Amino acid sequence: MSRSSKVALVALGMLVVFALGCFWALNATVRPTAQPALATPSPTPTSSSSTPTPTRSSTVARLTTTSATPTSKPTPKPTASTTPTPKAQPPRGAQLCGNSQNFQGYAVNKVTSCGFVNNTAKVMDAHAGAKRPVTVAVKSDATAKTYQMRCAPGRSGEFTCTGGDNATVFLMAR
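Per the numbering used here, the sequence shown starts with residue 38, numbered consecutively.
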């Protein structure tokens, strides 16, 4: 047998092994649909406080019943302890202005200065964790005026504050 024949034979063998591996992997991940049972399954025995030892006929009936139903795992229901609250994100295009004790402050539009955002965040520190809208008085360093800002809470401790002269401030909990 020539060297090229041996190489071809080894390559063919590797191809067969690869094809068998693919076939096995495909069959391991794809579950067949349930086929109707040929024999009528016997009723499922009721449970009692002690577990009886199954007889050969009850074992066969259980196997027949099991093969007639599709196997699937129940989907676990999320609980409060396993489902974290997603962290809030600032609106697209918002400018980060700074931090207060409890918040990162963002200017959401061009008429809102970072100084006003930071002043709003400082005033809102006293209301961190509020579950209802809060109206606060915020002084603007740019105009030296005090404006009313209505701050509505979100689900993750964030607030969206609007008011003043069309100012919009987003406060993300830190």
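Cβ atoms here follow ideal geometry from the backbone N, Cα and C, with glycine treated the same way.
Only a predicted model underlies this, so the values are computations on that prediction, with no experimental measurement involved.
| Asked | Found |
| --- | --- |
| Beta-carbon contacts of residue 55 that lie in its chain and below 7 Å, excluding the five residues immediately before and after | none |
| Inter-residue spacing [alpha-carbon to alpha-carbon] between residue 64 and residue 57 | 11 Å |
| Among 148, 209, 138, the one whose alpha carbon lies nearest that of residue 196 | 209 |
| Short Cβ contact (7 Å threshold) for residue 146 with residue 205 | yes |
| Residue range of the beta strand (DSSP E) that includes residue 201 | Where residue 201 is concerned, there is no enclosing beta strand (DSSP E), given that its DSSP letter is neither H nor E. |
| Bridge-paired residues (DSSP) for residue 136 | 141 |
| CB of residue 171 within 7 Å of CB of residue 188, strictly | yes |
| Counted within 10 angstroms of its Cβ, other Cβ atoms place residue 73 as buried (16 or more) or exposed | Since pLDDT at residue 73 reaches only 49, below the 50 mark, its modelled position is unreliable, and no value is offered. |
| Coarse secondary structure for residue 147, derived from DSSP in three states | coil |
| Cβ neighbours of residue 135 in the same chain (closer than 6 Å, five flanking residues each side left out) | 142, 155 |
| Proximity winner among 130, 153, 207, relative to residue 178 (alpha-carbon distances) | 153 |
| Status (buried if at least 16 other CB within 10 Å, exposed otherwise) for residue 190 | buried |
| Contact under 7 Å by Cβ, residue 157 with residue 198 | yes |
| Helix, strand or coil at residue 73 according to DSSP, with G and I counted as helix | Unreliable placement is indicated for residue 73, whose pLDDT of 49 sits below 50; no coordinate value is reported for it. |
| Cβ-based neighbour list, residue 194, same chain, cut-off 6 Å, excluding 5 preceding and 5 following | 210 |
| Pairwise C-alpha distance: residue 62 and residue 130 | 47 Å |
| Simplified DSSP assignment, three categories, for residue 186 | strand |
| Same chain only: Cβ atoms within 7 Å of residue 127, ignoring 5 sequence neighbours per side | 143, 207, 209 |
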